[in-house]
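Working notes, beginning with the structure itself.
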Amino acid sequence: MNAGLDVLRRLPAEDDIMDEMTVPMAMPRKLSHGTTDTTDDGSRVVGEKVLARGDWLQLSQITYIDPDGVSRQWEGCSRISRNPTSRIDSVLVIAWYRRMLHYDCVVLVKQFRPALSKHTIEMPSGLVLENETPEQSAERELLECTGFFGAARKVGPVLAADPAVAGGALRIVTVEVNGDEPGNNFINARAAGERHKVPILVPVSELLEKLRAFAQAGFVIDSRIDAFAIGLVMGNSGRKIDPNYAAVAATTAAQNCRRRC
């Protein structure tokens with residue numbers, strides 16, 4: 001069943017959202033990663049000083065001019081080794097796991113993150129290698145993280161990974177996994193994936209409920225998968241719901257869908 005795609009089809013398209021915006025847009029100017037700034041309010045970076053440098057990351061002091069013309073400073077980190085052939089550093093994979101006569105599942109990954117000193121629940125993700133397309137990176141990272149073979153279906157626009165702290169950029173890639181293929185059997189895939197990364201299959205209709213359960217169990221939930229789950233619930237409801245919508249909607253969805261992957 002294509003429950004996941006059915007939900008996404010009901011969500012407003014990016015072009016539709018932009019059409020509703022009435023804010024006048026200024027002439028764009030190019031920024032790093034080939035992206036474009038259309039605000040043109042005078043804000044600009046005028047200098048950068050490296051404060052510390054490790055094996056993979058560096059901390060910099062950034063001097064910039066704010067919209068009032070005032071010179072200010074900011075601290076941010078960036079990757080030392082960046083792919084010169086790509087506008088992005090990494091990909092985030094939305095992987096749909098599908099089997100005949102079963103509900104669609106989302107593929108998640110459990111792993112330990114030293115920076116948090118916690119185990120996390122995330123979507124598969126990873127760096128883009130030199131001369132790789134986003135599609136190739138997504139399929140490779142999915143295989144390495146989970147052991148699943150998938151086919152990339154859609155690539156999103158260039159996005160900021162953590163705009164307040166880092167200058168990295170990413171693309172979200174939708175990948176479809178055929179669970180009926182022998183190589184994508186859950187047991188076989190888990191054995192083929194990285195030993196310290198555990199793949200998890202969660203039915204789409206139960207995603208938000210399961211994330212809440214993981215959080216209560218002590219896992220740290222990646223904000224991007226949580227936002228994705230909330231968006232699925234809101235898009236499926238098609239209406240405004242009360243502030244407690246997360247628990248209410250997720251519980252209702254779970255009651256309507258008790259079949260597992």
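According to UniProt numbering, the sequence shown is numbered sequentially starting from 1.
For glycine and all other residues, C-beta sits at the position ideal for the given N, C-alpha and C.
Note that the structure is a prediction, hence the values are computed from the model and not measured.
Worksheet item: Quick one: Cα of Ile-221 to Cα of Asp-162, how far?
Response: 16 Å
Worksheet entry | Where residue 273 falls: helix, strand or coil (DSSP) | In the structure displayed, the chain extends from 1 to 261; residue 273 sits before or after that span and is not available.
Worksheet entry | Per DSSP, the bridge partner or partners of Pro-199 | Val-109
Worksheet item: Who pairs with Ile-221 in a beta bridge, going by DSSP?
Response: Ile-121
Worksheet entry | Same chain, Cβ closer than 8 Å to Val-46, neighbours up to 5 away in sequence not counted | Thr-63, Tyr-64, Ile-65 and Ser-71
Item to complete: Using only alpha-carbon positions, find the residue among Asp-68, Ser-90, Gly-42 and Gly-69 that is nearest to Ala-166.
Response: The option with the nearest alpha carbon to Ala-166 is Ser-90.
Discussion item. Between Trp-96, Pro-199, Pro-134 and Leu-159, which has its C-alpha nearest Gly-147's C-alpha?
Written reply: Measuring from the Cα of Gly-147, the nearest candidate turns out to be Pro-199.
Worksheet item: Thinking C-beta only, is Ile-225 closer than 9 Å to Ile-121?
Response: yes
Practice prompt. Return the residue from the list Pro-84, Ala-217 and Val-155 that minimises the CA-CA distance to Leu-129.
Written response: Pro-84
Worksheet item: With 16 other CB atoms within 10 Å as the buried threshold, where does Ser-223 fall?
Response: exposed
Item to complete: Using only alpha-carbon positions, find the residue among Ala-164, Pro-157, Leu-159 and Pro-134 that is nearest to Ala-151.
Response: Out of Ala-164, Pro-157, Leu-159 and Pro-134, Pro-134 has the C-alpha closest to the C-alpha of Ala-151.
Discussion item. Ser-86 and Pro-67 - do their beta-carbons sit closer together than 9 Å?
Written reply: Using a Cβ distance threshold of 9 Å, Pro-67 and Ser-86 do not count as a contacting pair.
Item to complete: Run the CB neighbour count on Glu-139, radius 10 Å, all protein chains shown included, and call it buried at 16 or more, exposed below.
Response: buried
Worksheet item: Does DSSP classify Glu-75 as helix, strand or coil?
Response: strand
Fill in: Neighbour-count burial assignment, Gly-168, 16 or more Cβ in a 10 Å radius
buried
Item to complete: May I have the straight-line CA-CA distance separating Ala-95 from Val-204, to the nearest angstrom?
Response: 11 Å
Discussion item. Which same chain residues end up closer than 7 Å to Gly-76 when comparing Cβ atoms and leaving out the 5 residues on each side of it in sequence?
Written reply: Ser-60, Ile-62, Val-165, Ala-166 and Gly-167
Fill in: Own chain partners of Val-173 with C-beta closer than 6 Å, once the 5 adjacent residues on each side are dropped
Val-91, Val-93, Pro-134, Ala-138, Ala-152 and Val-155
Item to complete: Kindly list the residues whose CB is nearer than 6 Å to the CB of Phe-112, restricted to its own chain and excluding five residues on each side of it in sequence; keep chain order.
Response: The answer, listed in chain order, is His-119.
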